[in-house]
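The block underneath contains the structure these notes are about, expressed in structure tokens.
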Amino acid sequence: MNESSATRIVQRVDARYRYEILVDGRRAGLTAYRDHGEQRVFFHTEIDDAFAGQGLAAELVQWALTDVRESGMRIVPVCPYVAKFLKRHEEFADITDPVTPDVLRRLEEELG
Ligand SMILES: CC(C)(COP(=O)(O)OP(=O)(O)OC[C@H]1O[C@@H](n2cnc3c(N)ncnc32)[C@H](O)[C@@H]1OP(=O)(O)O)[C@@H](O)C(=O)NCCC(=O)NCCS
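Mapped onto the numbering used here, the consecutive letters of the sequence shown carry residue numbers 182 to 293.
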């Protein structure tokens, strides 16, 4: 099956604090977060090597950030990929908060 006919699905997996992108039912990557009150703090995004360079990270993050908006929450981009994505997608600027030392300290405690 070629790339264009593959089925891509993004889902939020609350129990694992992450969004996953599936390609033909196979997990191809994820973006991970923790919630600090109304802030959803994104700290890591990865796409499996086998699926790299196909725009999957962009699709995954676009879906995740749209879900944050629909949930009435705000975005904090600790993950460099998400930060870079937001620089190119100003439509999320109104719901984006800066990465502060407090955010990083709490995240470090949570992630051990
Ligand atoms: C970064 C990563 C998620 C990109 O996945 P992908 O599906 O191949 O990405 P896309 O095709 O949607 O986009 C590629 C873009 O990601 C950018 N990118 C690659 N690594 C990056 C990084 N560490 N930080 C920010 N951007 C990165 C590329 O420069 C490219 O940008 P361009 O659109 O200007 O060319 C993937 O390469 C990966 O899993 N890397 C290892 C883990 C990692 O470094 N994660 C990011 C920080 S948490």
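Using N, Cα and C, we set each Cβ at its ideal position, and we do this for glycine too. All values reported here derive from a predicted model rather than from experimental measurement.
DSSP bridge partner residues for Tyr-262 (one or two, in chain order):
What you label residue 262 is simply residue 81 of the sequence shown in a count that begins at 1. Under DSSP, Tyr-262 forms no beta bridge with any residue.
Which of the three DSSP states is assigned to Val-280 in this structure?
Taking the sequence shown and counting its residues from 1, the one referred to as residue 280 is at position 99. Here Val-280 sits in coil by DSSP.
State yes or no: is the beta carbon of Leu-288 nearer than 7 Å to at least one beta carbon in chain D?
No chain D is present in this structure, which holds just one protein chain.
Any non-hydrogen atom of ligand 1 within 6 Å of Ile-228 CB
Here residue 228 corresponds to residue number 47 of the sequence shown, with the count starting at 1. Taking 6 Å as the cut-off, one finds at least one heavy atom of ligand 1 near enough to the beta carbon of Ile-228.
Starting from Arg-215, trace the alpha helix (DSSP H) both ways and give me its first and last residue.
Taking the sequence shown and counting its residues from 1, one reaches residue 215 at position 34. Arg-215 -> not in any alpha helix (DSSP H); beta strand (DSSP E) instead, spanning 207-217.
So what's Gln-235 in DSSP terms, helix, strand or just coil?
Position 54 of the sequence shown, counted from the first residue, corresponds to residue 235. Coil at Gln-235, not helix or strand.
Alpha-carbon spacing of Phe-224 relative to Ala-187, whole angstroms
For this step, residue 224 is matched to residue 43 along the sequence shown. For this step, residue 187 is matched to residue 6 along the sequence shown. Whole-angstrom Cα-Cα distance: 28 Å.
Return the bridge partner residues of Gln-220 from the DSSP annotation.
Taking the first residue of the sequence shown as position 1, residue 220 is located at position 39. DSSP lists His-217 and Arg-255 as partners of Gln-220.
Is it the case that the CB of His-217 approaches a heavy atom of ligand 1 more closely than 6 Å?
Here residue 217 is taken as the residue at index 36 of the sequence shown, counted from 1. Residue side-chain check: His-217 keeps its Cβ at 6 Å or more from all non-hydrogen atoms of ligand 1.
Which same chain residues end up closer than 8 Å to Thr-277 when comparing Cβ atoms and leaving out the 5 residues on each side of it in sequence?
One-based indexing of the sequence shown puts residue 277 at position 96. Closer than 8 Å at Cβ, skipping near neighbours: Arg-255, Ile-256, Val-257, Pro-258 and Leu-267.
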